[in-house]
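Residue numbers (our numbering), protein chains in the order written: chain A, 1 to 269; chain B, 270 to 579; chain C, 580 to 886.
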């Protein structure tokens, strides 16, 4: 028992010393940007094996918080920094620098068995305010609509709140999901549900609805035809330098933007 | 109350026990209630069995040597959970190392030195309340005190192993005090009297006689508290955990991955909760095996101890 | 000899200092909760902008929790009611289960069975909450959707069931201790008067251990109300006073854990309000513990004489 313990400690210590000591880039923030970030990091590490990353995706607010408190080198945000956050950065002697790395479309989703396939922003607003309660009122089978939305302080919700809800409040009988992925999983398992995710989270287990007759895609997002699009941002404290700069340059490069398109977001270039 | 009980008893007693249908009815009542009691136990057992069974059934296929010893790849969508195991290892052992001396010393004071009184009552009240504080409150406290650097007096460690260990240490302190006290209580007073009678001082008695005999009990307590710290999620969410940090921490001021947070993060906020379901079950199984294993060891240790004492 | 007694004194003070660590820890927790929660009510300055606080009663009894809105509303009554309902329903399940298990263990079980069941209950207690939450999410939620014609699988009932199995071990172990400490002469007396074993348990043993049982129930409920991961993962997250057991709810710990990650540190009302919720939660569990402590002390069972 004792020997086993000692062996384990030794192993842990050894592995630490073997892996420590390389440059590290700390990334924090939005769950929307997260999957793209992880793919980008994996590709980047393939080319620069010495660089280590730590990614923590808890929300756009955390991205801003991390830049303000200098606990991260890169903050991921699916919304723009609020003026209060920029002020706080400046108060801490930090000049936040914004990089818009992609566009995203917010896509309303339902269970694949749901016959409804198109919806308007006005209907969405009514559904989320409990004015439309039954699927049959929007062309589906009879049955109550189960509302799923995001945590009210996520960047995704903020865009939804602004563009769909027109800054009005949602009905309160709505199940709030902590991330895009949780939303997609929840709708995939709920025949009565409606929710919304970023373009990168669409999968065969959920069905995307067209909004005002426009299908969400890279093309319609880029052309501005699709009504529910937004920018995805990376923030740094001051102009990036060293490894952080090299990484952001990679993200903005054609190779990086290709990865962003693969994840399902709309590349900037 | 004694009045009530005794009158009830006379009523029952006047029923002339052991004769006729009334006795039969009473026996039937008893048996049906006992069956209900047994059913309650069965439900508990079933719950444990089903939960652990699910984790084993779905988790086992995901587990391999590679799974346990390699880093996650593709941003956590595939690969192993080695950094999580190491992170949990650091957090639980670190917090134990901080809390054990403090907890044992507290227990020694409470059991060997303190005399009953207001102060003792206050300390006990504080320990009981500390044990009852919700883990998310510990998380916020850790965030405000250890993690943040602000004018309020935060220590400014950042989200790190150090901050996580300290938060968890406060969380497991009451567990350690409780079990250590129980261990001290099980040391017979005759040991102390003999030692004191031989001219040893109180400190010598405690250090040379009481502590060595209480050691196995204290060990049991520390195993229990390690398992408690290893399974804790809410307290490390804002103080220590990162959802993806495949490199092991280079210093105690780095963030770590940890098993419980990994389960939460994969199942709730990872890119694809469906595709990573095997990973989630696998990680859950590792955590459950770790925690239940440690508890089982502690339970066996304790039962052997009790047998030895009696 | 003098130096020896001096040394003893120093050691004693050292131990006393260590024992005071718990007081210090609890004090620090209260200090940070209060200082971070106060701006909610007193108002605060952030970047030269003045924010005014909200009244304590508006905070507790306001029935709209809308932290991110054009007109933010900071009433936590829906969150409190979420916690209260989840705790009550889980208690309805956990109290009978826990106490019946305790009675079985203390009064009925043969030694061999007890040696298996007791560790089993302890193992149930040690299951990490995140694993129970995970189980509720991936197994129970789809099952509920399948069984009932309902809209949400993660709902109040689901969370309550999961919480119940976390509270049962707490209730069982404390209740068993107190049943165990009922002196044997009471049982013998009752049996000698012709009562059956069940009648003895029901009319003698349980009334005699009532104070211990209440402590068990209170601490079990206190555990449910403060449990975080389970309600974060399976309660559904709708900030709304529930009208049905299948409604999604948002108990206080879930709200704190879900929202803290997205607030700006020490910059906005939301951050301080979450600390204020934590303070309310802390006060509730604190009161529960005080009550349990009070009952345990006041009605302490000291042998048969106290009955």
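Cβ atoms here follow ideal geometry from the backbone N, Cα and C, with glycine treated the same way.
With a Cβ-Cβ cutoff of 7 Å, do residue i and residue j count as a contact?
{"i": "residue 24/A", "j": "residue 69/A", "result": "no"}
{"i": "residue 206/A", "j": "residue 182/A", "result": "no"}
{"i": "residue 433/B", "j": "residue 505/B", "result": "yes"}
{"i": "residue 868/C", "j": "residue 397/B", "result": "yes"}
{"i": "residue 498/B", "j": "residue 446/B", "result": "no"}
{"i": "residue 27/A", "j": "residue 55/A", "result": "yes"}
{"i": "residue 738/C", "j": "residue 813/C", "result": "yes"}
{"i": "residue 790/C", "j": "residue 874/C", "result": "yes"}
{"i": "residue 696/C", "j": "residue 310/B", "result": "yes"}
{"i": "residue 839/C", "j": "residue 712/C", "result": "no"}
{"i": "residue 84/A", "j": "residue 846/C", "result": "yes"}
{"i": "residue 155/A", "j": "residue 60/A", "result": "yes"}
{"i": "residue 851/C", "j": "residue 614/C", "result": "no"}
{"i": "residue 36/A", "j": "residue 187/A", "result": "no"}
{"i": "residue 130/A", "j": "residue 648/C", "result": "no"}
{"i": "residue 218/A", "j": "residue 225/A", "result": "no"}
{"i": "residue 78/A", "j": "residue 33/A", "result": "yes"}
{"i": "residue 438/B", "j": "residue 364/B", "result": "yes"}
{"i": "residue 307/B", "j": "residue 775/C", "result": "no"}
{"i": "residue 788/C", "j": "residue 761/C", "result": "yes"}
{"i": "residue 616/C", "j": "residue 854/C", "result": "yes"}
{"i": "residue 521/B", "j": "residue 431/B", "result": "yes"}
Can you find the residues in the same chain that come closer than 8 Å, C-beta to C-beta, to residue i, ignoring five residues on each side of it along the sequence?
{"i": "residue 22/A", "result": "Since pLDDT at residue 22/A reaches only 47, below the 50 mark, its modelled position is unreliable, and the value read off the structure follows with that caveat. Within the same chain, residue 22/A has close Cβ partners 50, 51 and 52."}
{"i": "residue 174/A", "result": "128, 147, 148 and 149"}
{"i": "residue 715/C", "result": "733, 737, 738, 740, 741, 809, 812 and 813"}
{"i": "residue 244/A", "result": "25, 73, 74 and 236"}
Once the 5 residues before and after residue i are set aside, which same chain residues still bring their CB inside 6 Å of it?
{"i": "residue 795/C", "result": "750, 753 and 754"}
{"i": "residue 278/A", "result": "In the structure as shown, chain A begins at 1 and stops at 269. Residue 278/A is therefore absent and cannot be evaluated."}
{"i": "residue 251/A", "result": "40 and 101"}
Would you mind telling me which residues of chain A sit closer than 9 Å to residue i, beta carbon to beta carbon, in chain order?
{"i": "residue 826/C", "result": "173"}
Using the beta-carbon of each residue, which ones in chain A are nearer than 7 Å to residue i?
{"i": "residue 427/B", "result": "71"}
Kindly list, in the order they appear in chain B, the residues whose Cβ is closer than 7 Å to that of residue i.
{"i": "residue 747/C", "result": "313"}
If you drop the 5 nearest sequence neighbours on each side, which residues of the same chain put their C-beta closer than 7 Å to that of residue i?
{"i": "residue 666/C", "result": "800, 803 and 804"}
{"i": "residue 531/B", "result": "350, 353 and 552"}
{"i": "residue 229/A", "result": "103, 104, 105 and 221"}
{"i": "residue 863/C", "result": "804"}
{"i": "residue 554/B", "result": "324, 325, 328, 329 and 332"}
Could you work out which residues of chain B lie near residue i, taking near to mean beta carbons separated by less than 9 Å?
{"i": "residue 737/C", "result": "Neighbours of residue 737/C on chain B: none; closest Cβ ~14 Å, over 9 Å."}
{"i": "residue 205/A", "result": "543"}
For residue i, go through chain C and note every residue whose CB falls closer than 9 Å to its CB, in chain order.
{"i": "residue 278/A", "result": "The structure shown does not extend to residue 278/A, since chain A spans only 1 to 269, so no value can be given for it."}
{"i": "residue 529/B", "result": "707, 708, 709, 710 and 808"}
{"i": "residue 295/B", "result": "774, 775, 777 and 778"}
{"i": "residue 189/A", "result": "720, 721, 724 and 732"}
So which residues of chain C does residue i contact, with C-beta pairs closer than 7 Å?
{"i": "residue 192/A", "result": "730"}
If we count Cβ pairs, one from each stretch, closer than 8 Å, do we get three or more for the segment 677 to 690 of chain C versus the segment 502 to 515 of chain B?
no
Do the segment 482 to 492 of chain B and the segment 446 to 456 of chain B touch if we need at least three Cβ pairs shorter than 8 Å?
yes
Using 8 Å as the Cβ pair cut-off and three pairs as the minimum, do the segment 826 to 835 of chain C and the segment 656 to 669 of chain C touch?
yes
Any C-beta of chain A within less than 7 Å: which residues of the segment 697 to 730 of chain C qualify?
721, 724 and 730
Between the segment 390 to 408 of chain B and chain C, which residues of the former have a C-beta closer than 9 Å to a C-beta of the latter?
From the segment 390 to 408 of chain B, only 390, 391, 392, 393, 394, 395, 396, 397, 398, 399, 400, 401, 402, 403, 404, 405, 406, 407 and 408 have a Cβ closer than 9 Å to chain C.
At a Cβ cut of 8 Å, what residues of the segment 208 to 240 of chain A count as close to chain C, listed as they run along the chain?
none
Is it the case that the segment 603 to 617 of chain C contacts the segment 813 to 829 of chain C, given that we only count it when at least three CB pairs across the two stretches are under 8 Å?
Segment contact: the segment 813 to 829 of chain C against the segment 603 to 617 of chain C, fewer than three CB-CB distances shorter than 8 Å; contact not assigned.
So does the segment 379 to 393 of chain B actually touch the segment 591 to 601 of chain C, counting three or more Cβ pairs closer than 8 Å?
yes
In the segment 48 to 73 of chain A, which residues sit with their C-beta less than 7 Å from some C-beta in chain B, listed in chain order?
52, 54, 55, 56, 57 and 71
Indicate whether the contact test is met: 3 or more Cβ pairs, each with one atom in the segment 711 to 728 of chain C and one in the segment 635 to 652 of chain C, closer than 8 Å.
no
Going along the chain, which residues of the segment 25 to 39 of chain A sit with their C-beta nearer than 8 Å to a C-beta in chain B?
Only those residues of the segment 25 to 39 of chain A whose C-beta falls short of 8 Å from the nearest C-beta of chain B are listed: 26, 31, 34, 35, 37, 38 and 39.
Determine contact between the segment 457 to 471 of chain B and the segment 400 to 409 of chain B, defined as no fewer than three beta-carbon pairs at a distance below 8 Å.
no
Any C-beta of chain C within less than 8 Å: which residues of the segment 506 to 522 of chain B qualify?
506 and 507
For the segment 111 to 128 of chain A and the segment 188 to 198 of chain A, state whether three or more C-beta atom pairs, one from each stretch, are separated by less than 8 Å.
With contact defined as three or more Cβ pairs closer than 8 Å, the segment 111 to 128 of chain A and the segment 188 to 198 of chain A are in contact.
Positions along the segment 756 to 787 of chain C whose CB lies within less than 7 Å of some CB in chain B:
769, 772, 773, 774, 775, 776, 777, 778, 782, 783 and 786
Scan the segment 432 to 456 of chain B for residues whose Cβ lies nearer than 8 Å to a Cβ of chain C and list them as they occur along the chain.
439, 442, 443 and 446
Within 7 Å of chain C by C-beta, residues of the segment 363 to 379 of chain B in sequence order
Flagged, chain order: 371, 374, 375, 377, 378 and 379.
Please name the residues in the segment 457 to 475 of chain B whose beta-carbon is closer than 9 Å to at least one beta-carbon of chain C, in chain order.
Only 470, 471, 472 and 475 from the segment 457 to 475 of chain B bring a Cβ to less than 9 Å from some Cβ of chain C.
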